[in-house]
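Take a look at the structure set out below.
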Amino acid sequence: MPLGPLRCAAFLGSFAAFPALAIALSLSARFEPEEIALDSRAQFVVETVGPGRAKMSELPDTEEIALRRLGSAYRVRSDGSVASTLTYLATPQKTGTHTFAGATVLVGGNSVPVPTARLTVRAPTEAALRSGHLPPAVQRLHLYVEGLPKWLYVGQTVPVEITLPVPNGIRVRTSEGAPRKIGENFLLGRSCDLPLEQMVELCDLRSGEARWRASVMATVPGELWLAFALGLEVAEEVPLLEQGSAAKNWEALFMAESWAPVVLSSVRHGVSAIPLPTAGRPEDFNGAIGKFFLSVPPKIRCVEGIYEVQVTVEGEGNFGTLAPPSLSLDRCRVVRQTRKMFHPSDPLGFRGSITFSYFLAECRTDEPPTFSFAYFDPESGRYEHLRVRIELPAVGQKEKNDTRN
Numbered sequence: 176m177p178l179g180p181l182r183c184a185a186f187l188g189s190f191a192a193f194p195a196l197a198i199a200l201s202l203s204a205r206f207e208p209e210e211i212a213l214d215s216r217a218q219f220v221v222e223t224v225g226p227g228r229a230k231m232s233e234l235p236d237t238e239e240i241a242l243r244r245l246g247s248a249y250r251v252r253s254d255g256s257v258a259s260t261l262t263y264l265a266t267p268q269k270t271g272t273h274t275f276a277g278a279t280v281l282v283g284g285n286s287v288p289v290p291t292a293r294l295t296v297r298a299p300t301e302a303a304l305r306s307g308h309l310p311p312a313v314q315r316l317h318l319y320v321e322g323l324p325k326w327l328y329v330g331q332t333v334p335v336e337i338t339l340p341v342p343n344g345i346r347v348r349t350s351e352g353a354p355r356k357i358g359e360n361f362l363l364g365r366s367c368d369l370p371l372e373q374m375v376e377l378c379d380l381r382s383g384e385a386r387w388r389a390s391v392m393a394t395v396p397g398e399l400w401l402a403f404a405l406g407l408e409v410a411e412e413v414p415l416l417e418q419g420s421a422a423k424n425w426e427a428l429f430m431a432e433s434w435a436p437v438v439l440s441s442v443r444h445g446v447s448a449i450p451l452p453t454a455g456r457p458e459d460f461n462g463a464i465g466k467f468f469l470s471v472p473p474k475i476r477c478v479e480g481i482y483e484v485q486v487t488v489e490g491e492g493n494f495g496t497l498a499p500p501s502l503s504l505d506r507c508r509v510v511r512q513t514r515k516m517f518h519p520s521d522p523l524g525f526r527g528s529i530t531f532s533y534f535l536a537e538c539r540t541d542e543p544p545t546f547s548f549a550y551f552d553p554e555s556g557r558y559e560h561l562r563v564r565i566e567l568p569a570v571g572q573k574e575k576n577d578t579r580n
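The sequence shown runs 176 to 580 under this note's numbering.
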């Protein structure tokens, strides 16, 4: 039997007879779902049970998550308390695990802090992999990462290799040029002087195995993780001779050309990135990490009183961020300094050499300039300091030699 207006008012008034202090306040907050892709949306839900309706009094600004109010719902419970549900649309701004805190809600005239909620935002490629199961035809496909150490120094460059074995009976073709990196705290090393891509393909898919090589560098200290993902199109080959009729042969032919898109991802590799030690660090250390050598040509060129001195840094390491050697001189003036093209000795540019040119004037041959280069050796865990002194010939003598040659 429906309640009339007077009976309804009396019915609601009976709940107000309960003392407000007797109603315990409960409060919860969560993201639904708690893990999404960067190009997806979630809901931020705040639920309260208390002596009155809940109202969000303050919504803090955040660079990670943008919130927009969707609506509110209220329900009066049998004990006189009010259940409130406040819903917001959550739009992620960057990947990572974001903690939302600092919001308050008004319940029964009291301001109450909203519990902390966390939202994990993953890269779109990784989220696509985690959203479902791989088709049976491609369950044998796996992406492997080799050469990634358990720990490394921040700024250290290490080469890694990504491998995709392709078993018999499966054909694949890439929908992306190379595997994508998953992990914001790593860079794929690349020198600005190198005409190389960030990742080098070593073998195509028709050989039964695809391999890519990249140089990886951690940018921040801490416990980090890194993975790679690759978009593919896959088809399962069906032997035509196993079919019993011509119709089945045609059917198998079309089945072999049916390509299905899929995303593969490697296992998440945990890496401990540690900062470079401060003990024993030379004053002229400029971030070189690896193994390097310093050399100069046996003859120094001199034209019209200007010495051109070339110093070569060769070895292996982070050539992409390498600074020129330091020059210590008292009786010389540097006219100009240039850096020549980096000459890699491997496709990634992990090994190679860079030649720096210095043009010096007003030099005294009895006080030759000294070049020094400091680097950190990750294998020994020590800083190394290289020095080379340049013997400058007399200007007139050098000019005579140049004239005879």
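We put the CB at the ideal spot given by N, CA and C, even for glycine.
In this structure, does DSSP put residue i in helix, strand or coil?
| i | result |
| --- | --- |
| L561 | strand |
| G352 | coil |
| F460 | coil |
| T496 | helix |
| G406 | strand |
| K466 | strand |
| I198 | coil |
| E336 | strand |
| H518 | strand |
| R539 | coil |
| L567 | coil |
| D254 | coil |
| P436 | strand |
| R388 | strand |
| A212 | strand |
| E491 | strand |
| V341 | coil |
| G527 | strand |
| G556 | coil |
| E411 | strand |
| G225 | strand |
| C477 | strand |
Hey, residue i and residue j are a contact pair by Cβ (cut 8 Å); roughly how many whole angstroms apart?
| i | j | result |
| --- | --- | --- |
| V220 | V280 | That belief does not hold up - the Cβ atoms of V220 and V280 are roughly 12 Å apart, past 8 Å. |
| P324 | S203 | Actually they are not in contact, since the Cβ atoms of P324 and S203 sit about 43 Å apart, beyond 8 Å. |
| L339 | A385 | 4 Å |
| L363 | A389 | 5 Å |
| I345 | E408 | Not confirmed; about 11 Å, so no contact. |
| F361 | L401 | 5 Å |
| E210 | Q218 | Not really, about 13 Å apart at Cβ, beyond 8 Å. |
| S247 | L261 | 5 Å |
Taking residue i as the reference, give the member of the options with the closest Cα.
| i | options | result |
| --- | --- | --- |
| V251 | P235, F531, G227 and W387 | G227 |
| Y319 | K325, Q331, E336 and Y328 | E336 |
| E321 | V391, R508 and C477 | V391 |
| N493 | P288, F468, A454 and I464 | I464 |
| V510 | L535, W400, G490 and I357 | L535 |
| A199 | V282, N343 and V395 | V282 |
| R315 | W400, V437, A229 and I357 | V437 |
| G383 | R293, V347 and V341 | V341 |
| S286 | P544, Y328 and A229 | A229 |
| F460 | F548, V484, K466 and E566 | F548 |
| G352 | G225, N360, E398 and L405 | L405 |
| D254 | T260, A278, G225 and S232 | G225 |
| R508 | C538, F531, I529 and E489 | C538 |
| Q331 | T496, M231 and P543 | T496 |
| F403 | L439, C378 and G397 | L439 |
| F531 | S470, P519 and I449 | S470 |
| V484 | A258, Y533 and S201 | Y533 |
| E489 | I529, I481 and V296 | I529 |
| K466 | F551, P568, A212 and V329 | F551 |
| R297 | P354, M231, A278 and S215 | S215 |
By DSSP's criteria, residue i is part of a beta bridge. Which residues make up the other side?
| i | result |
| --- | --- |
| S532 | Q485 and T513 |
| K230 | L281 |
| T262 | V220 and G246 |
| S286 | L281 |
| P267 | I240 |
| F361 | A393 |
| S547 | S501 and R562 |
| C378 | R386 |
| L327 | A448 |
| H273 | L294 |
| F206 | F219 |
| L399 | V446 |
| V471 | The partner list for V471 (beta bridge, DSSP) is empty, contrary to what the question assumes. |
Counting contacts by CB-CB distance shorter than 8 Å, is residue i in contact with chain B?
| i | result |
| --- | --- |
| F460 | Looking for chain B here will not work: only one protein chain is present. |
Please tell me whether, using a cut-off of 7 Å, the distance from the CB of residue i to the nearest non-hydrogen atom of the ligand COA is below it.
| i | result |
| --- | --- |
| R297 | The ligand COA is not part of this structure, which contains no ligands at all. |
With three or more beta-carbon pairs closer than 8 Å as the criterion, would you say the stretch 264 to 281 touches the stretch 235 to 243?
yes
Would you say the stretch 513 to 525 touches the stretch 436 to 446, given that touching needs at least three Cβ pairs under 8 Å?
no
Taking contact to mean 3 or more Cβ pairs, one atom from each stretch, closer than 8 Å, check whether the stretch 448 to 457 and the stretch 471 to 479 are in contact.
The answer is no - the stretch 471 to 479 does not touch the stretch 448 to 457, with fewer than three Cβ pairs under 8 Å.
Three Cβ pairs or more, each shorter than 8 Å: is that satisfied between the stretch 512 to 519 and the stretch 547 to 561?
no
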